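Convert by adding 7 to the 1-based position in the sequence shown; the result is the number in my numbering. Accompanying notes for the structure given below.
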Amino acid sequence: MNRVNVYIDGFNLYHAIDDLNDETLKWLDLWKLSESILKTGQIINEVKYFSAYATWRPDSYKRHRDYVSAIESTGIIAIMGRFKEKKLKCKATCGEVYSIHEEKETDVNIGAHLIADALQDKFDTALIISADTDLSAVITLAKSLVGDNKRVCAVAPTGRFARSRELKHIFEITKGKLRASLLPVSIQTAQGVINIPEKYLKHE
């Protein structure tokens with residue numbers, strides 16, 4: 008069987024789903040989604056999820072922690088980066104100093120794991136789910152390392168195919184695949200039973 012590793016850019020996928028204006032799609036089973044994009048003769052080896060916690064936003068932080076626990080219970084490997092607070096000064100006349108938060112480490116973590124796994128022969132095919140063109144160089148490098156015996160390919164999140172052509176996505180994930188790949192409303196994890204957030208439930 009052709010061993011497949013899937014590398015998921017968490018926030019890139021999240022924002023693509025957010026643009027669909029359907030909260031129910033955010034309770035996504037990433038293992039099931041990864042299996043849904045395989046070809047005949049392929050099998051999942053590892054699915055790695057890369058993201059970071061917005062710790063300064065309590066409600067969002069809790070939902071994200073619960074979600075990571077839920078997907079880890081299905082076999083997902085979560086690699087978490089961090090946000091860095093950055094001070095900026097208003098360019099208008101007020102001169103007020105304010106803070107923003109920038110996600111750090113995700114691109115580097117994806118690149119490091121992709122290259123390390125390639126060198127350690129952990130996959131026959133690597134699928135990188137992202138539309139972040141900053142990953143173009145590392146994908147090109149990984150392709151040069153594995154040669155003709157393995158494939159390293161980018162897959163576009165829903166609605167992102169046309170926005171990042173330099174990644175040369177092999178296809179775009181459809182909304183239908185998202186809809187067919189949702190987690191159960193309650194899921195047993197190492198931390199106990201986790202229920203889907205109320206805002207992700209479909210209300211008739």
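Every residue gets a Cβ at the ideal spot worked out from N, C-alpha and C, and that includes glycine. What you are looking at is a predicted structure, and each value in this text was computed from that prediction instead of being measured.
Residue i versus the options, residue with shortest Cα-Cα distance
i, options, result
"D26", "L189, K182, V200", "K182"
"I24", "T113, V115, L185", "L185"
"K150", "D141, K111, L126, A77", "L126"
"Q198", "R72, I44, I15", "R72"
"E205", "R70, N9, D141", "R70"
"A144", "G17, I117, I83", "I117"
"L218", "I180, E179, E79", "In the structure as shown, the chain begins at 8 and stops at 211. Residue 218 is therefore absent and cannot be evaluated."
"R293", "P65, I51, I83, G17", "Absent from the structure is residue 293, since the part of the chain shown begins at 8 and ends at 211."
"F130", "N156, R64, V162, K111", "N156"
Proximal residues to residue i (C-beta, below 6 Å), its chain only, five neighbours per side dropped
i, result
"I203", "W34, V192"
"Y207", "E30, T31, K33, W34"
"V13", "S41, V54, L134"
"I177", "C160"
"T113", "F57, G88"
"A85", "Y56, V75, E79"
Close Cβ partners of residue i (< 7 Å) along its chain, the five nearest in sequence each way excluded
i, result
"N19", "S137, A138, D139, P164"
"T81", "D36, W38"
"A187", "S43"
Cβ distance (whole Å) where residue i is taken to contact residue j below 8 Å
i, j, result
"L37", "Y56", "6 Å"
"T132", "R158", "5 Å"
Opposing strand residues paired with residue i [DSSP bridges]
i, result
"R89", "K111"
"L35", "L189"
"Q127", "Bridge partners of Q127: none, in fact."
"L134", "V13, C160"
Sequence-distant residues of its chain with Cβ nearer than 8 Å to residue i (five each side left out)
i, result
"I122", "V145, L148, A149, L152"
Contact between the segment 48-64 and the segment 158-172: three or more CB pairs below 8 Å?
no
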